[in-house]
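Since the structure comes first, as structure tokens, the remarks are kept for the end.
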Amino acid sequence: MDALVIAGFLAVVTNRLVDGFVKPIFDKYNLDHFWLMYIAWAVGGALVYLSGVNLFVEYLPTAMVGQVLTAVVAGGGANILNDVFGMKIGVG
223 MDALVIAGFL AVVTNRLVDG FVKPIFDKYN LDHFWLMYIA WAVGGALVYL
273 SGVNLFVEYL PTAMVGQVLT AVVAGGGANI LNDVFGMKIG VG
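According to my numbering, the sequence shown holds residues 223 to 314 in order.
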């Protein structure tokens, strides 16, 4: 499967995990939602690491840098989907 499609799926999975497990805790204890994006990046980073997907393999010589940037895409996926498609989904 294409790396971009996999990264898109990882972004959706990250979004669902944070919305389903972390956001309710933040809501219950009235915590600042500012931190949810960083939690999403951490979850996205873990998923990218486990999957080994790298969107930048052809452009960056270091795999680690490519995976970190891919993690930023996967962790911030909900915001990227909103920016690109005007969809209102996601963390925050």
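Beta carbons are placed, not taken as given, at the ideal position from N, Cα and C, and that holds for glycine.
Contact belief for residue i with residue j at Cβ below 8 Å, rounded distance in angstroms
i, j, result
"VAL275", "ALA229", "6 Å"
"GLY297", "GLY266", "3 Å"
"THR284", "ALA262", "Incorrect: roughly 24 Å between the Cβ atoms, too far for contact."
"LEU239", "LEU277", "That belief does not hold up - the Cβ atoms of LEU239 and LEU277 are roughly 20 Å apart, past 8 Å."
Backbone CA spacing between residue i and residue j [nearest angstrom]
i, j, result
"THR292", "LEU258", "18 Å"
"VAL294", "GLU280", "17 Å"
"ALA264", "GLY288", "16 Å"
"SER273", "VAL244", "22 Å"
"ASN252", "VAL290", "31 Å"
Other residues of its chain near residue i: CB distance less than 7 Å, five sequence neighbours each side excluded
i, result
"GLY269", "Note that residue 269 corresponds to Leu in the displayed sequence, not to Gly. For LEU269, where only same-chain residues beyond five positions count, the Cβ hits under 7 Å are LEU232, VAL235, THR236, ALA296."
"PHE282", "Before going further, note that residue 282 is Leu rather than Phe in the sequence given. Hits under 7 Å: GLY288."
"ASP224", "none"
Ordered list of alpha helix (DSSP H) runs contained in the region 252-299, each at least 4 residues: 258-273, 285-297
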